[in-house]
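Chemist: If you're matching them up, the sequences are chains A and B in order.
Counting in our numbering, the first sequence runs from 5 upward without gaps.
Counting in our numbering, the second sequence runs from 117 upward without gaps.
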Amino acid sequence: MPSQIHVRQLRKQFPKVLAVAGVDLEVAAGEVFGLLGPNGAGKTTTLEMIEGLTPPDGGEIEVCGLRWGRDDAEIRARIGVQLQATSLYNKITPREALDLFGSYYPKRRSTDELLELVQLQEKKDAYHITLSGGQAQRLALALALVNDPEVVFLDEPTAGLDPQGRRSLWDVVRGMKGAGRTVMLTTHYMDEAEVLCDRLAILDHGKVLQTGTPRELIASLGIPSVVELTFDGAPPDPAGLRARLDVPIEARGGVWEIPTADPKAMLPRLLTALESERLDYDQVHVRRATLEDVFLHLTGRSLRD
Amino acid sequence: MKHPNPLALLRQQFRIEWRLYLRDRGAMFWSFLFPLLMLFGMGMIFRSGGSQSLTLVRVAPAQESARDAAFVRALNEAHLKVLTLDAAAAEARWRKGDTSAQLESVGEGYRLRLNSYLIAQGNLAAQAASQAFMVAQARLAGSPEPERIPMVVESPGHARSNTYAAFLVPGLIGLNLLTMGLFAVGMVTVSYREKGKFRRLAVTPLPKWVFLMGQILQRATVVVLQTAVLLLAAWLGFGIVNQGSYLVFAALVVAGTATFIAMGFALSSLASTVETYGAIANLAFFPMMIFSGVYFRLDNAPKWMQSALMVLPLSPYLRALRAVFNDGATLAGHGLGLAILGVWALAAFAVAVKRFRWV
Numbered sequence: 005m006p007s008q009i010h011v012r013q014l015r016k017q018f019p020k021v022l023a024v025a026g027v028d029l030e031v032a033a034g035e036v037f038g039l040l041g042p043n044g045a046g047k048t049t050t051l052e053m054i055e056g057l058t059p060p061d062g063g064e065i066e067v068c069g070l071r072w073g074r075d076d077a078e079i080r081a082r083i084g085v086q087l088q089a090t091s092l093y094n095k096i097t098p099r100e101a102l103d104l105f106g107s108y109y110p111k112r113r114s115t116d117e118l119l120e121l122v123q124l125q126e127k128k129d130a131y132h133i134t135l136s137g138g139q140a141q142r143l144a145l146a147l148a149l150v151n152d153p154e155v156v157f158l159d160e161p162t163a164g165l166d167p168q169g170r171r172s173l174w175d176v177v178r179g180m181k182g183a184g185r186t187v188m189l190t191t192h193y194m195d196e197a198e199v200l201c202d203r204l205a206i207l208d209h210g211k212v213l214q215t216g217t218p219r220e221l222i223a224s225l226g227i228p229s230v231v232e233l234t235f236d237g238a239p240p241d242p243a244g245l246r247a248r249l250d251v252p253i254e255a256r257g258g259v260w261e262i263p264t265a266d267p268k269a270m271l272p273r274l275l276t277a278l279e280s281e282r283l284d285y286d287q288v289h290v291r292r293a294t295l296e297d298v299f300l301h302l303t304g305r306s307l308r309d
Numbered sequence: 117m118k119h120p121n122p123l124a125l126l127r128q129q130f131r132i133e134w135r136l137y138l139r140d141r142g143a144m145f146w147s148f149l150f151p152l153l154m155l156f157g158m159g160m161i162f163r164s165g166g167s168q169s170l171t172l173v174r175v176a177p178a179q180e181s182a183r184d185a186a187f188v189r190a191l192n193e194a195h196l197k198v199l200t201l202d203a204a205a206a207e208a209r210w211r212k213g214d215t216s217a218q219l220e221s222v223g224e225g226y227r228l229r230l231n232s233y234l235i236a237q238g239n240l241a242a243q244a245a246s247q248a249f250m251v252a253q254a255r256l257a258g259s260p261e262p263e264r265i266p267m268v269v270e271s272p273g274h275a276r277s278n279t280y281a282a283f284l285v286p287g288l289i290g291l292n293l294l295t296m297g298l299f300a301v302g303m304v305t306v307s308y309r310e311k312g313k314f315r316r317l318a319v320t321p322l323p324k325w326v327f328l329m330g331q332i333l334q335r336a337t338v339v340v341l342q343t344a345v346l347l348l349a350a351w352l353g354f355g356i357v358n359q360g361s362y363l364v365f366a367a368l369v370v371a372g373t374a375t376f377i378a379m380g381f382a383l384s385s386l387a388s389t390v391e392t393y394g395a396i397a398n399l400a401f402f403p404m405m406i407f408s409g410v411y412f413r414l415d416n417a418p419k420w421m422q423s424a425l426m427v428l429p430l431s432p433y434l435r436a437l438r439a440v441f442n443d444g445a446t447l448a449g450h451g452l453g454l455a456i457l458g459v460w461a462l463a464a465f466a467v468a469v470k471r472f473r474w475v
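(1) So isoleucine 262 (chain A) is in the beta strand (DSSP E); what residue range does that whole segment cover?
(2) Tell me which residues of the stretch 234–246 of chain B have at least one Cβ-Cβ distance to chain A shorter than 8 Å, keeping chain order.
(3) Between arginine 171 (chain A) and threonine 392 (chain B), what straight-line distance do the alpha-carbon atoms span, to the nearest angstrom?
(4) To be precise: take each residue of the stretch 98–117 of chain A, compare its Cβ to all Cβ atoms of chain B, and keep it if any distance is under 8 Å. Which residues remain?
(5) If we count the other Cβ atoms within 10 Å of its Cβ and call it buried at 16 or more, is glutamine 179 (chain B) buried or exposed?
(6) By the criterion of Cβ-Cβ separation under 9 Å, what are the contact partners of leucine 390 (chain B) in chain A?
(7) Beta-carbon separation of alanine 77 (chain A) and glycine 184 (chain A) under 9 Å?
(8) Can you pull the chain B neighbours of alanine 77 (chain A), defined as C-beta to C-beta under 7 Å?
(9) Hey, could you find the ends of the alpha helix (DSSP H) arginine 203 (chain A) is sitting in?
(10) Does DSSP put glutamine 287 (chain A) in a helix, a strand or coil?
(11) Give me the chain A residues within the contact set of lysine 311 (chain B), using Cβ-Cβ distance strictly less than 7 Å, ordered along the chain.
(12) Tell me where the alpha helix (DSSP H) around serine 136 (chain A) begins and ends.
(13) Whole angstroms is fine: what's the gap from leucine 153 (chain B)'s alpha carbon to leucine 240 (chain B)'s?
(14) Identify each residue in the stretch 122–136 of chain A for which the Cβ-Cβ distance to at least one residue of chain B is less than 7 Å, and report them in chain order.
(15) Step through the CB atoms of chain A and report whether any lies within less than 9 Å of the CB of glutamine 331 (chain B).
(16) Shortest alpha-carbon distance to aspartate 159 (chain A) belongs to which of A:Asn151, A:Leu283, A:Gly182, A:Ala197?
(17) Decide if glycine 165 (chain B) is buried, meaning its Cβ has at least 16 other Cβ atoms within 10 Å, or exposed.
(18) For lysine 128 (chain A), which residues does DSSP report across the bridge?
(19) Any residues in the stretch 350–361 of chain B with a beta carbon nearer than 8 Å to a beta carbon of chain A? Which ones, in chain order?
(20) Check whether the stretch 20–31 of chain A and the stretch 442–462 of chain B are in contact - that is, three or more C-beta pairs closer than 8 Å.
(21) Assess, as a yes-or-no matter, whether the stretch 396–408 of chain B is touched by the stretch 365–377 of chain B under the definition of 3 or more beta carbon pairs within less than 8 Å.
(22) Roughly how many angstroms separate the alpha carbons of alanine 144 (chain A) and serine 107 (chain A), rounded to a whole number?
(23) For phenylalanine 37 (chain A), collect the residues of the same chain with a Cβ closer than 6 Å to its Cβ; drop the 5 residues on either side in sequence, then sort them by chain order.
(24) Can you name, in chain order, every residue of its own chain whose Cβ lies under 8 Å from the Cβ of alanine 243 (chain A), other than the five neighbours on each side?
(25) Can you give me the C-alpha to C-alpha distance between glutamate 35 (chain A) and serine 7 (chain A), rounded to a whole angstrom?
(26) Measuring only from the beta carbon, is leucine 104 (chain A) closer than 8 Å to any heavy atom that is part of the ligand ZN?
(27) Expressed to the nearest angstrom, what Euclidean distance is found between the alpha-carbon atoms of tryptophan 460 (chain B) and methionine 404 (chain B)?
(28) Classify glutamate 263 (chain B) as helix, strand or coil using the three-state DSSP reduction.
(29) If we ignore side chains and look at the alpha-carbon of each, how far apart do leucine 201 (chain B) and glutamine 218 (chain B) end up?
(30) Could you tell me the alpha carbon to alpha carbon distance between serine 136 (chain A) and leucine 124 (chain A), rounded to whole angstroms?
(31) My output table needs one value for aspartate 166 (chain A): the three-state DSSP class, helix, strand or coil.
(32) With 9 Å set as the bound, which would you pick, yes or no: does the beta-carbon of tyrosine 308 (chain B) sit closer than that to a beta-carbon of chain A?
(33) What whole-angstrom Cβ distance do proline 429 (chain B) and isoleucine 456 (chain B) have, given they're in contact under 8 Å?
(34) Does the distance from the CB of alanine 382 (chain B) to the CB of valine 467 (chain B) come in under 9 Å?
(35) Please report whether the beta-carbon of glutamine 128 (chain B) lies at a distance below 9 Å from any beta-carbon of chain A.
(36) Taking glutamate 30 (chain A) as part of the beta strand (DSSP E), name the residues at either end of that continuous run.
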């Protein structure tokens, strides 16, 4: 498949920090590609360099086979961008904003169609300043689609939305994929990344740690399941049990986490050991490993730290 | 792919800027009403009806002598309104600050007491009184009357623009330009940059110059309208009209608009937050508003101060504007002033082009 976004050895040096330290990315047409990482990992800087907002200090970028500095107007006509915070005139209405931004492009989608897509018909004549956070976010999304773009960039599209708002936004992103658009988004929600993205790059400290489909990334851990034990009070020190059973028990935020490839064999041993140690646990859960565990494994830190 | 015609986009940016400006009622109300309030307020307060209304308070002497009578007659002939009060009433009026000049008898002679707060009117009354005194003396002595020198109060150029309101009109036009440049252009630019409005535009194919030009044209038309409203109000309210060439006047307004817009853009490159910009803009705004001759001329200020103020762009600009508007003069003799303005315009333009930032 032809590559819609091609990034090689991308670098950005800020006065005090190397924000992006040699990033390689390859995104195929029609793919939803996610940049997953904690705050400050360099996701937004990477995205903004690809969008042509921030000039890189090194490396190469190709979008739709075009290059910044040579085909700027052409690239801008073919991409749609939702910035982390979209600021508009206070007293512009969604309808006017869509008409106005649409007029900048050679190709445009109808304002009514976009209003319907993001469910803003009822607010189409309200001033931007009166929209709720979710409505403003949906307008920003509609603005990113105003030119019927081939490639859409979404920077933290669901930040600050309630669960219902997040789900309806996910539907819009799935719709984009259905329409054959290439989508590149950043997020620090692993569930979002897992649900939406065909492929992911996990970023930390300006570097890509691993790339793959969510399934591949989780499978690469080699530990499909995680056993979780909760306690009534503070969890006891797992060191003794860890040595006795020879399993990697970690205490995190009031919970013991025990990654395992074979929960069926491990659980009885664990429970017997707990009984003999007279450790009074509250509940036992077995869950499959998530991207959070992948991130933990790769960085030694939690995504939300 | 066929990109939209930039001129069509420019027309559209201009239209949307205007539409959004009209929605901001508060700002619009003030930018149009403030100059009118100043014009009518100050124009009324300082309405001078010419020399006829000059009042001289006279403290009634214990006994009116023939000499006093002759003096009063001569004073009346000099078109001075003589208000004779007893000592207590005169003192009360003086203390209230209403008296500009007061005539008192001292022994055989007289004394004039002038109010330092109303020194302009006081001086006029004193001069008229001195002339009247000479006339009265000549009459009493039976010698030939000295000739009176007639006095008229009017602006340097034309008798019709002799009110304070007329002086104020070009000042307020200049002040409008300054406010527009520093705040409607400079402050708005900083706030757009700070809030990321420019960033959202930067990812679209809209050429940046189209956006800026749309903004500039909108501000320029606002200023032209403000000027027109002010001129209309001055004409209807005070009968003040432009005494000089309308073409030169219009050219000056256009030149001023360009200069102060460029200044706004230049200053906006010095600050990254609206708060910092506000401090910088006020630093530029207040000295010019107060000392550059919007409300009064600084002819009595020390020479060095006047020279220093002439270096600011508003002072030479207002001098040229007043020469045309109030005095019906040409721009001859304003070469240096206009050159100063031109240097400001070019420097501001250069800084604006070189230092302007979108993010």
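We put the CB at the ideal spot given by N, CA and C, even for glycine.
Values in this document were obtained by computation on a predicted structure and should not be read as measured data.
Modeler: Quick answer:
(1) The continuous beta strand (DSSP E) containing isoleucine 262 (chain A) extends over residues 259–264.
(2) Within the stretch 234–246 of chain B, no residue has its Cβ closer than 8 Å to any Cβ of chain A.
(3) Counting only the Cα atoms, threonine 392 (chain B) lies some 41 Å from arginine 171 (chain A).
(4) For the stretch 98–117 of chain A, the beta-carbon criterion of a distance under 8 Å to any beta-carbon of chain B is satisfied by Glu100, Leu104, Phe105, Ser107, Tyr108, Tyr109, Pro110, Lys111.
(5) Exposed is the label assigned to glutamine 179 (chain B), since fewer than 16 other Cβ atoms lie within 10 Å of its Cβ.
(6) Rather than leucine, the amino acid found at residue 390 (chain B) in this sequence is valine. Per Cβ cutoff of 9 Å: no residues; valine 390 (chain B) is ~13 Å from chain A at best.
(7) No; because the gap between Cβ atoms is not below 9 Å, this pair is not in contact.
(8) Going along chain B in sequence order, the residues near alanine 77 (chain A) (Cβ under 7 Å) are His119, Pro321.
(9) That residue, arginine 203 (chain A), is in no alpha helix (DSSP H); its beta strand (DSSP E) goes 203–208.
(10) DSSP places glutamine 287 (chain A) in the strand class (E or B) of the three-state scheme.
(11) Residues of chain A with a Cβ closer than 7 Å to the Cβ of lysine 311 (chain B) are, in chain order, Ser91.
(12) First-last for serine 136 (chain A): undefined, no H or E at that position.
(13) Taking the straight line from one Cα to the other gives about 29 Å.
(14) Cβ contacts with chain B come from no residue of the stretch 122–136 of chain A.
(15) Not an interface residue.
(16) Nearest to aspartate 159 (chain A) by alpha-carbon distance, out of A:Asn151, A:Leu283, A:Gly182, A:Ala197, is A:Ala197.
(17) Model confidence at glycine 165 (chain B) stands at a pLDDT of 47, short of 50, so the residue's coordinates are unreliable and nothing is read from them.
(18) None, per the DSSP bridge assignment.
(19) Listed by position, the residues of the stretch 350–361 of chain B near chain A (Cβ gap below 8 Å) amount to none.
(20) Fewer than three Cβ pairs drawn from the stretch 20–31 of chain A and the stretch 442–462 of chain B lie within less than 8 Å of each other, which leaves the two stretches out of contact.
(21) The stretch 365–377 of chain B, when compared against the stretch 396–408 of chain B, does not touch it at the 8 Å Cβ threshold.
(22) Each residue's Cα considered, the two are about 16 Å apart.
(23) Excluding the 5 residues flanking it on each side, phenylalanine 37 (chain A) has same chain C-beta neighbours closer than 6 Å at Val31, Met188, Arg203, in chain order.
(24) Once the five neighbours on either side are set aside, alanine 243 (chain A) has no close Cβ partner at all.
(25) Glutamate 35 (chain A) and serine 7 (chain A) have their alpha carbons spaced roughly 10 Å apart.
(26) Because no ligand of any kind appears in the structure shown, any question about the ligand ZN cannot be addressed here.
(27) Straight-line spacing of the CA atoms in tryptophan 460 (chain B) and methionine 404 (chain B) works out to 14 Å.
(28) Glutamate 263 (chain B): coil per DSSP, three-state reduction.
(29) Distance between the alpha carbons of leucine 201 (chain B) and glutamine 218 (chain B) is about 10 Å.
(30) Spanning the alpha carbons of serine 136 (chain A) and leucine 124 (chain A) requires a straight line of approximately 11 Å.
(31) In the structure shown, aspartate 166 (chain A) sits in coil (DSSP, three-state: anything other than H, G, I, E or B).
(32) Yes, because at least one Cβ of chain A sits closer than 9 Å to the Cβ of tyrosine 308 (chain B).
(33) Beta-carbon to beta-carbon, proline 429 (chain B) and isoleucine 456 (chain B) are separated by about 7 Å, close enough to satisfy the 8 Å threshold.
(34) The answer is yes: Cβ separation under 9 Å.
(35) By this cut-off, glutamine 128 (chain B) is an interface position.
(36) Per DSSP, glutamate 30 (chain A) belongs to the beta strand (DSSP E) from 22–32.
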